[in-house]
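Just so we're aligned, residue 1 is where the sequence shown starts under full-length UniProt numbering, counting upward by one.
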Amino acid sequence: MDTLPATHIELAAWLRLSLAPGLKPAALRLLLGAFGLPEAIFNQSPEALAEFAGEAAARAVLAPSGPDFDAQLDAVIAWSELPGNHVVTLDDPAYPPALLTMPDPPPLLYIKGRLELLHTKAVALVGSRSATPQGAEDAERFARELSQAGVTIVSGLALGIDGAAHRGGLEGAGSTVAVIGTGADLVYPAAHHALARQIATQGAILSEWPLGTPARAANFPQRNRLIAGLVSGVVIVEAAMRSGSLITARLANEMGRDIFALPGSIHAPLSRGCHRIIKQGAKLVETPDEVLEELGIAKPVATAPASPTAPPAMSAEALQLLDALGHAPATLEILATRTEMGDAALQNTLLQLELAGQVTALPGGRFTRATHG
C-alpha cells in the first residue's frame, strides 16, 4: 500500500468503508462527522467508534478487509482512469449536493459522463416497465420539454417509462442522468446497451454499487432512494398499484421533494398507482408546463418577431391551418402532421392567426379557434 500515491491511499480508505459489511450509510455519516476522513476513522479505538455510531458499526469498520480487497482497489483505480469515468467520494466537491440533504448519502459514487449534470435542477420521471405506447409517448414528451427548459431528467434505465424518459431528456439542454442498480461497468437490461452508451456520452450514469455488482432485486429499492435524493420533484407517468415507482414517490415525499402524477382512465391498470398517489396528495399534472410552474422554473421563451404593422390579410397557409385546426384544441405536433408544414412556417402562421384574433393559445402548448361571441 505504501507505494500508492496519496489520492489512491485516500480512495482505498473510502473503498474499504463502502465495502465494510453491515456498515450502514447513516452510521458512516455519523463517524465522518465525528472524525473527519476515513483514514482517521480506521485509527480510532472500538470504544470511540461505538460511542458515536453504536457497536455494530464499530465492529463493521474494524473488521479486516476481504482477501480480494487489493484486487478490487486495483479494478476501481483502473476503471476511474478510463475516459469519462469518475469515482466521487463523499468529501469531493464534485459530489452531488442534492444527495447531501439525504440522511444516508452513499460514501462512494461511480459516475460515467458529465459530472456537472449532478449539480443542476433535476426532475425524476419514472413509471412502469410494461408501459403502454401512450405512456411511453407521454414520458418522452414530458422529458423532452422539461429538458428543453434546462431541467436534467433523472430515471432508472429500466424498460418502459424510464427508457422513454431518458430518450426525451437527451433531446434538450438539460440532458439526462441514469441511476442504475448494478455496478457502473454493467448495463441492465441488455436491451438498453445503445441507450446507456449515448447517456454516458451526452448525459451521466451513476451507481453506488461496487464494480461488477449484478442486477439483484434488492438493489432496486435502494437505487430508487438515490433517484429521489437527486431531484426537486418526481413525476410518475404510469404505475400499477404495487410498483417500484410508488416506492420512489414515497421516499421522495419523505425527503420533502414534490410529487406529481399523470392521471389516466379509471379502467387502465397502469393508472391505478397514479390515481392512488394523487388521492394521497400528489399533484395531478397534464402538461410539462405545470411541473415547471410548480418548481418555479421559467419556460424558455420563443421570441416572436415584432409586428409593426397591422397583420396582413390571411394567407393560403393561414386558411389551410385554420381548416386543419377544426373545432377542438390541437397541439403543434398534431397541426404539423395535419398540414405537413415545416416548423418555422407553422409557428409563423400560428402567430399570424393569433395576431389576427383567429386563434387562441391555450396552456400546455395547445391551440384552438378563437370564439367570437
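Heads up, the beta-carbon is just placed ideally off N, CA and C, and yes, glycines get one too. Just so we're clear, the structure is a prediction, and the values are computed from it rather than from any experiment.
Where does the unbroken beta strand (DSSP E) through residue i begin, and where does it stop?
| i | result |
| --- | --- |
| ALA204 | 204-207 |
| ARG167 | Per DSSP, ARG167 belongs to no beta strand (DSSP E); it is in the alpha helix (DSSP H), 161-170. |
| ILE236 | 233-236 |
| LEU295 | Premise fails: LEU295 is in no beta strand (DSSP E) and is neither H nor E. |
| LEU125 | 122-126 |
So, with DSSP's three-state summary, where would you put residue i?
| i | result |
| --- | --- |
| ILE278 | helix |
| THR89 | strand |
| ILE41 | helix |
| ALA23 | What sits at residue 23 in the sequence shown is Leu, not Ala. Looking at LEU23 - three-state DSSP - the assignment turns out to be coil, as it is neither helix nor strand. |
| LEU109 | strand |
| ALA252 | helix |
| ALA136 | helix |
| ALA94 | coil |
| LEU284 | strand |
| GLU340 | coil |
| VAL61 | helix |
| ASP104 | coil |
| HIS193 | helix |
| ASP289 | helix |
| LEU211 | coil |
| GLY264 | coil |
| LEU186 | coil |
| GLY229 | helix |
| SER130 | coil |
| GLY244 | helix |
| ARG114 | coil |
| PRO269 | helix |
| VAL66 | Residue identity check: residue 66 is Gly in the sequence provided, not Val. In this structure, GLY66 counts as coil in the three-state DSSP scheme. |
| GLY84 | coil |
| GLY36 | coil |
| ALA158 | coil |
| PRO308 | Because PRO308 carries a pLDDT of 46, less than 50, the predicted location of this residue cannot be relied on, and no value is offered for it. |
| ALA56 | helix |
| ALA13 | helix |
| ALA239 | coil |
On the DSSP bridge assignment, give the partners of residue i in chain order.
| i | result |
| --- | --- |
| THR360 | THR368 |
| ALA330 | PHE367 |
| residue 443 | This structure leaves residue 443 out entirely; the chain is present only between 1 and 373. |
| THR152 | ALA122 |
| THR176 | ILE153 |
Once the 5 residues before and after residue i are set aside, which same chain residues still bring their CB inside 8 Å of it?
| i | result |
| --- | --- |
| GLU354 | THR360, ALA361 |
| residue 375 | The chain is shown only over 1 to 373; residue 375 falls outside these bounds and no answer can be derived. |
| PRO221 | GLY244, ILE247 |
| LYS283 | ASP258, ILE259, PHE260, ALA261, GLU290, GLU294 |
| LEU49 | LEU31, ILE41, ALA57, ALA58, VAL61, LEU62 |
| ARG216 | GLY181 |
Quick one: residues in its chain with C-beta nearer than 6 Å to the C-beta of residue i, no 5 flanking neighbours on either side, listed in chain order?
| i | result |
| --- | --- |
| THR331 | GLY365, ARG366 |
| ALA26 | PRO103, ASP104 |
| ASN85 | TRP79, LYS112 |
| residue 383 | The question about residue 383 has no answer here: the residues shown for the chain are numbered 1 through 373. |
| ALA131 | GLY160, ILE161, GLU238 |
Identify the continuous alpha helix (DSSP H) that holds residue i and give its terminal residues.
| i | result |
| --- | --- |
| THR349 | 343-355 |
| residue 401 | Since the first residue of the chain shown is 1 and the last is 373, residue 401 is not available in this structure. |
| GLU319 | Residue identity check: residue 319 is Leu in the sequence provided, not Glu. Note, LEU319: alpha helix (DSSP H), 316-325. |
| ALA218 | Where ALA218 is concerned, there is no enclosing alpha helix (DSSP H), given that its DSSP letter is neither H nor E. |
| ALA50 | 46-53 |
Spatial neighbours of residue i within its chain, please: CB distance less than 7 Å, with the 5 preceding and 5 following residues excluded, ordered by chain position.
| i | result |
| --- | --- |
| VAL87 | LEU11, VAL76, SER80, LEU108, TYR110 |
| LYS299 | ALA149, ASP289, LEU292 |
| ALA306 | In this prediction, ALA306 has a pLDDT of 44, which is less than 50 and means its spatial position is unreliable; what the coordinates show is noted afterwards. Contacts found: none. |
| GLN44 | PHE35 |
| HIS193 | VAL187 |
| GLY22 | ALA56, ALA60 |
| ASP138 | VAL237, LEU262 |
| GLN320 | THR339 |
| SER232 | LYS121, ALA122, VAL123, ARG257, ASP258, LEU295 |
| GLY357 | ALA370 |
| ILE266 | none |
| PRO363 | THR287, ASP289 |
Is it the case that the region 176-188 contacts the region 206-216, given that we only count it when at least three CB pairs across the two stretches are under 8 Å? Yes, since at least three Cβ pairs between the region 206-216 and the region 176-188 fall closer than 8 Å, the two stretches touch.
Measuring CB atoms only, is the region 63-80 touching the region 167-177, in the sense that at least three cross pairs come out at less than 8 Å? Between the region 63-80 and the region 167-177 there are fewer than three inter-stretch CB-CB distances shorter than 8 Å, so the stretches are not counted as touching.
Would the region 151-166 count as touching the region 61-74 if we require 3 or more Cβ pairs under 8 Å? Segments in contact, no.
Would you call the region 51-58 in contact with the region 26-38, where contact means no fewer than 3 C-beta pairs closer than 8 Å? Under the 8 Å Cβ criterion, the region 51-58 counts as touching the region 26-38, having at least three qualifying pairs.
Quick test of the definition: if touching needs 3 or more C-beta pairs under 8 Å, does the region 195-204 touch the region 100-116? These segments touch.
Is the region 262-282 in contact with the region 314-334, if contact means three or more CB pairs nearer than 8 Å? Look at the beta carbons and you see the region 262-282 not touching the region 314-334: under three pairs across the two are nearer than 8 Å.
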